[in-house]
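In terms of UniProt numbering, the sequence shown is residues 1 to 350.
The beta carbon of each residue, even a glycine, is placed where N, CA and C say it ideally should be.
Every value quoted in this text rests on a predicted model; they were computed, and no experiment measured them.
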Amino acid sequence: MGHSSFNMAEAERALIAAKEGDLQTLKSLRRSVPFAADAYGATTLHYASRKGHLACVKWLVEAIGISPIVRGKSGATPLHDAAAQGQLHCVKYFLASGAVDVDIRDVSGHTALHLAARFGRFETAKWLIDEGNSSVRVKSRNYMTPVHFCAYGGHLTCLEFLVFKAGESSVNEPATDGTTPVYLASQDGNLECLKYLHSVGGKCDARARDGMSPVHGAAQNGHLECIAYLIENDLAKFDERDTSGATPAHYAAAQGHVNVLKWLILKGDISLNDDLGGSPLHDAAEQGQFESVRFLVEDASLDVDHRDKEGFTPLALAVKSGHRRCVDYLKIAASKRTTKESMSVQKSSF
Numbered sequence: 001m002g003h004s005s006f007n008m009a010e011a012e013r014a015l016i017a018a019k020e021g022d023l024q025t026l027k028s029l030r031r032s033v034p035f036a037a038d039a040y041g042a043t044t045l046h047y048a049s050r051k052g053h054l055a056c057v058k059w060l061v062e063a064i065g066i067s068p069i070v071r072g073k074s075g076a077t078p079l080h081d082a083a084a085q086g087q088l089h090c091v092k093y094f095l096a097s098g099a100v101d102v103d104i105r106d107v108s109g110h111t112a113l114h115l116a117a118r119f120g121r122f123e124t125a126k127w128l129i130d131e132g133n134s135s136v137r138v139k140s141r142n143y144m145t146p147v148h149f150c151a152y153g154g155h156l157t158c159l160e161f162l163v164f165k166a167g168e169s170s171v172n173e174p175a176t177d178g179t180t181p182v183y184l185a186s187q188d189g190n191l192e193c194l195k196y197l198h199s200v201g202g203k204c205d206a207r208a209r210d211g212m213s214p215v216h217g218a219a220q221n222g223h224l225e226c227i228a229y230l231i232e233n234d235l236a237k238f239d240e241r242d243t244s245g246a247t248p249a250h251y252a253a254a255q256g257h258v259n260v261l262k263w264l265i266l267k268g269d270i271s272l273n274d275d276l277g278g279s280p281l282h283d284a285a286e287q288g289q290f291e292s293v294r295f296l297v298e299d300a301s302l303d304v305d306h307r308d309k310e311g312f313t314p315l316a317l318a319v320k321s322g323h324r325r326c327v328d329y330l331k332i333a334a335s336k337r338t339t340k341e342s343m344s345v346q347k348s349s350f
């Protein structure tokens, strides 16, 4: 049932006090402070570190005796939390104590530098490398470096610094899933980071293990500016195929990014089928993306009766997936097509 001096209500108050930097309240709750933790295992020391309340941090460590390497359920220490929030004075305190290694990892293998990079905490990242001697090319469990994290987060100033420190080869370093910093910048719509990475040798045709290239990642998430940059600068093709034969139009259609489809159709034929014989209309119907379905039928004139290699029409896939609105629309579209063909046959017979 817990320690005899533990009080749940007091523990919750202690967490709030740590978050707000209320040292006097923390002192009044001294008995409960050592046992206070939220549902994620974060302690009062984590809370105070996130908000940069150094006086509270010092008291919790020096007066209460909370370990500077106490971990939450994710394995994050107060150093991780301080770095993620850019609380440099707390970062300096923990490392000066000698109790915390600068590259201590959470359960995912993330260091303080990974998290500073992810959230664009430039001053913290710079200090960790220049003064804390953190390894700039340190890899997480899935082989992501701080450069990966910064490209994904879209933090250009921090990214430029990290690449300068890590070397330009870092921009093409693949994670376990094959994603590079270039891929992640494109996938997350970070255009300026994408431009910069390309300027220092980033390969815009590098594929992840699932066969997707940066333009596919951008199309999947609807990042038109990145798509346009890649295609208009001949860094990708508008009909570039992944290992399954899917094009950017397939990805955009499946996620309902009609603005991307409208742009792609100006570049050429978006009715190309993937290796299973499916068109973007098949993907849109299967995923229930009504606006994509309507655009592909009415504006792109994709064949509503086209069957993939398994014999499925877009309508059949919509029925199978239970997307009623798409089903109703495609039934009407197929009916109109049949009527037009019938009238055409009748006219030709005269």
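By how many angstroms is the C-alpha of residue 41 removed from the C-alpha of residue 20?
-> Taking the sequence shown and counting its residues from 1, the one referred to as residue 20 is at position 20. Taking the sequence shown and counting its residues from 1, the one referred to as residue 41 is at position 41. Whole-angstrom Cα-Cα distance: 18 Å.
Mind reading off the beta-carbon distance from residue 225 to residue 191? Whole number of angstroms is fine, and I expect it under 8 Å.
-> Start at 1 with the first residue of the sequence shown, and residue 225 comes out as number 225. Start at 1 with the first residue of the sequence shown, and residue 191 comes out as number 191. With 8 Å as the limit, residue 225 and residue 191 qualify as a contact, their Cβ atoms being about 5 Å apart.
Is the beta carbon of residue 326 within less than 7 Å of some heavy atom of the ligand COA?
-> As presented, the structure is devoid of all ligands, the ligand COA included, so that no description of it is given.
For the region 205-293, list the alpha helix (DSSP H) runs that are entirely contained and at least 4 residues long, ordered along the chain.
-> Complete alpha helix (DSSP H) runs here, min 4: 214-220, 224-232, 248-255, 258-265, 280-286.
Mark residue 164 as exposed unless 16 or more other C-beta atoms lie within 10 angstroms of its C-beta, in which case mark it buried.
-> Start at 1 with the first residue of the sequence shown, and residue 164 comes out as number 164. Per the 10 Å Cβ criterion, exposed.
Sort out for me which residues DSSP pairs residue 43 with in a bridge.
-> For the purposes of this step, residue 43 is identified with residue 43 of the sequence shown, where counting begins at 1. Beta-bridge partners of residue 43 (DSSP): 37.
Relative to the alpha-carbon of residue 208, which residue among 35, 196, 120, 180 has its alpha-carbon at the smallest distance?
-> Reading the sequence shown from its first residue, position 208 is the one you call residue 208. For the residues 35, 196, 120, 180, the minimum Cα distance to residue 208 belongs to 180.
CB residue 333 to CB residue 297, shorter than 8 Å?
-> Along the sequence shown, read from residue 1 onward, the residue named residue 333 stands at position 333. Along the sequence shown, read from residue 1 onward, the residue named residue 297 stands at position 297. With a cutoff of 8 Å on beta-carbon distance, residue 333 and residue 297 are scored as near each other.
Can you check the region 126-211 for any alpha helix (DSSP H) of at least 4 residues that lies completely inside it and give the ranges in chain order?
-> Here the runs fully enclosed are 146-153, 156-166, 181-187, 191-199.
Assigned secondary structure, residue 316 (DSSP; H/G/I helix, E/B strand, else coil) = In the sequence shown, residue 316 corresponds to position 316, counting from 1. For residue 316, the secondary structure class from DSSP, reduced to helix, strand or coil, is helix.
Any contact of the region 225-238 with the region 183-201, i.e. 3+ C-beta pairs under 8 Å?
-> By the Cβ criterion, the region 225-238 is in contact with the region 183-201, since at least three pairs of Cβ atoms, one from each stretch, lie closer than 8 Å.
Short check: CB of residue 185 to CB of residue 219, under 8 Å?
-> Translated into positions along the sequence shown, residue 185 becomes position 185. Translated into positions along the sequence shown, residue 219 becomes position 219. In this structure, residue 219 does not lie closer than 8 Å to residue 185 by Cβ.
For residue 114, does the three-state DSSP call read helix, strand or coil?
-> Residue numbering aside, residue 114 sits at position 114 when the sequence shown is read from its first letter. Helix, per DSSP.
Minimum C-alpha distance to residue 157 - residue among 137, 122, 127, 14 | Position 157 of the sequence shown, counted from the start, is the residue given in the question as residue 157. That would be 122, whose Cα lies nearest to the Cα of residue 157.
Continuous alpha helix (DSSP H) stretch holding residue 19: start and end | Locating residue 19 in the sequence shown gives position 19, where the first residue counts as 1. Residues 8-20.
Exposed or buried, what is residue 345 when buried is set at 16 or more other beta-carbons lying within 10 Å of its beta-carbon?
-> Translated into positions along the sequence shown, residue 345 becomes position 345. Confidence in residue 345 is poor, its pLDDT being 39 and thus under 50, which makes the residue's placement unreliable; the coordinate value appears in the next sentence. Flag for residue 345 reads exposed.
Classify residue 105 as helix, strand or coil using the three-state DSSP reduction.
-> Against the sequence shown, residue 105 aligns to sequence position 105. Here residue 105 sits in coil by DSSP.
Taking the C-alpha atoms as reference points, what is the distance between residue 74 and residue 39?
-> On the sequence shown, residue 74 is found 74 positions in, with the first residue counted as 1. On the sequence shown, residue 39 is found 39 positions in, with the first residue counted as 1. Cα to Cα, the separation comes out at about 11 Å.
Range of the contiguous alpha helix (DSSP H) that encloses residue 25 = Within the sequence shown, numbered from 1, the residue matching residue 25 stands at position 25. If you look at residue 25, you'll find it in the alpha helix (DSSP H) that goes 23-28.
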